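Chains as they are written, first to last, in the working numbering: chain F, 2 to 234; chain A, 2 to 234. Cβ coordinates follow ideal geometry from the N, Cα and C atoms, glycine included. Computed from a prediction, not measured in an experiment: that's the story for all the values here.
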DNA sequence: GAGTTACAGATTGTTGACAATTACGTATAC
DNA sequence: GTATACGTAATTGTCAACAATCTGTAACTC
């Protein structure tokens, strides 16, 4: 039969209304539409997102576990603020996980992986020369994501995506430190080269060196402009 | 007034029925009372744990995020089985996180921390000599937990506790590999010594060496007895 | 007889109402 | 005038009913 009919074992891609609510709230959190420490009252979210409290609750539970909101018993949920100390902690954990990923990428990467990684890296140089820091920062993000994907390390990948979401507020800080983008590009070059040569130890060392630089830059950025988030709370 | 009366800002430790359900189910999962791949039907859990579906649902969501159960849309939840490949992945991540923790412990540990760590380590030697492998394995667990605590690294600590829960089924395997406990004790000695001497680099190296040994032992254990979990699925 | 279609049972996803708890404003005692 | 006790409003935690979806069985077509 050609008619749509019955698809038996098709895993029918159920719409799952809760997912739409999650995507929306997650986006607002990531995009920064919601202020830090802002209260998230379940009833408000219901009317705003056109759904029921049960659904909102499930989504808030998920976001809590992802570290994007905090919930206290009978006191509700609010947007989680990540202070500089915690941002450094998260960056440290990111560093060791991405180092592990780089090591595995050097062992597991396919030719397609390598081509994609080299393409992103090549794309970054003109952006750096033109001083397009936003585009550079975005390419940087994609390069790291592609390396993690090439590692085929599902556990590291899952944890890294969660940690990354928590750091969005600090995402564009390090690239603003004078001289940092140039150093970053040099470090990336060593990293991509090591992965291309299938050298796990050198890839791991390069990634670790690179992310040590990020931690240093993060400290520098935090020192320059007083953190606006920690001022009121 | 002296009567109990109203305690204003006391954060009154609300009983939170959902927590009791979580503790119970979490325990059953960890203790292995529930078989791998076993279905967790919400209605069954309700009558067994004397609560409502809303509560059970919230708990299942949380357990899913912790990686202890899997939920598929409209198909329900079941106990997650972790195959050997994933156990190795998790152990690798544990290794790099505990290495980070050891480095910080060497920098941050108080005298109380050091005393506690040395006490646990001293406690392990007679257990090893007497061949009490279960007690040794438990002391080993406590030693690692205490070091992580001493690191004062909340992010690493949180992720490690989740990863650890996922590995309970493999917990006692490595200690059964011949010669492994003796090697383990030697590695621990170097680790405790490095932390005691406030030497972050040496502590990190010792922890990494130790956990590399664990990964090797895990492979050996998996090779010896074919994994019973992966046979039927 | 093999394959497909319609139906029934079981299970999950969602919704709305009720109970428990907290926070704030007001009155009162000293 | 300050601090404490009470009452009310707001908000979350829990519960039970309804709708949507999936799985397995039996009848039907060719």
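Using the C-alpha atoms, what's the distance from residue 118 of chain F back to residue 164 of chain A? 30 Å
Which term fits residue 75 of chain F, buried or exposed, when burial requires 16 or more other beta carbons within 10 angstroms of its beta carbon? exposed
Measuring alpha carbon to alpha carbon, tell me which residue in F:127, F:113 and F:106 is nearest residue 155 of chain F. F:106
Would you call the segment 127-144 of chain A and the segment 205-215 of chain A in contact, with 3 or more CB pairs under 8 Å? no
Best match in F:40, F:218, F:38 and F:190 for proximity to residue 125 of chain F [C-alpha to C-alpha]: F:190
Which residue from F:174, F:201 and F:169 puts its Cα closest to that of residue 68 of chain F? F:169
From residue 108 of chain F to residue 88 of chain A, what does the alpha carbon distance come to, in whole angstroms? 19 Å
Answer with yes or no whether the minimum CB distance from residue 18 of chain F to chain A is below 8 Å. no
Output the boundary residues of the beta strand (DSSP E) element that contains residue 73 of chain A. 70-73
DSSP three-state assignment for residue 51 of chain F, whether helix, strand or coil: coil
How far does the beta strand (DSSP E) with residue 80 of chain F in it extend, from its first residue to its last? 77-80
Does DSSP classify residue 153 of chain F as helix, strand or coil? coil
6 Å CB neighbourhood of residue 59 of chain F in its chain, flanking five on each side removed: 19
Are residue 148 of chain A and residue 102 of chain A close, meaning C-beta to C-beta below 8 Å? yes
Cutting at 6 Å between CB atoms, please list the residues of its own chain near residue 43 of chain F, excluding the five before and the five after it. 54 and 57
Residue of F:158, F:111 and F:36 minimising C-alpha distance to residue 95 of chain F: F:158
CB contact check: residue 211 of chain F to chain A, cutoff 8 Å: no
Can you pull the chain A residues whose beta carbon is under 7 Å from the beta carbon of residue 71 of chain F, in chain order? Those within 7 Å of residue 71 of chain F in chain A number zero; the least Cβ separation is about 13 Å.
Residue 177 of chain F and residue 136 of chain F closer than 8 Å at C-beta: no
Test: residue 154 of chain A CB closer than 8 Å to a CB of chain F: yes
For residue 144 of chain F, list the residues DSSP reports as bridge partners. DSSP, once it has assigned bridges, lists no residue as partnering residue 144 of chain F.
How would you call residue 90 of chain A, buried or exposed, if buried means at least 16 neighbouring beta carbons within 10 angstroms? buried
Flag residue 66 of chain A as yes if its beta-carbon sits less than 8 Å from any beta-carbon of chain F, otherwise no. yes
Which of helix, strand or coil DSSP assigns to residue 168 of chain A: coil
What are the boundary residues of the alpha helix (DSSP H) that includes residue 123 of chain A? 112-131
By DSSP, does residue 36 of chain F sit in helix, in strand, or in coil? coil
Taking the alpha helix (DSSP H) that residue 197 of chain F belongs to, which residues open and close that run? 181-197
Can you tell me the Cα-Cα spacing of residue 98 of chain F and residue 97 of chain A, whole angstroms? 7 Å
To which residues of the same chain is residue 22 of chain F closer than 6 Å at the C-beta, ignoring the five residues directly before and after it? 50, 52, 56 and 60
Just the Cα atoms here: how many angstroms apart are residue 181 of chain A and residue 146 of chain A? 20 Å
In chain A, which residues lie less than 7 Å from residue 157 of chain F when you measure between Cβ atoms? 94
Is the distance from the Cβ of residue 192 of chain F to the Cβ of residue 204 of chain F below 8 Å? yes
Would residue 214 of chain F pass as an interface residue toward chain A - the criterion being a Cβ-Cβ separation below 8 Å? no
Taking Cβ positions, are residue 41 of chain A and residue 66 of chain A nearer each other than 8 Å? no
CA-CA distance, residue 195 of chain F and residue 201 of chain F? 7 Å
Proximal residues, the segment 93-121 of chain F versus chain A, C-beta separation under 8 Å: 93, 94, 97, 98, 100 and 101
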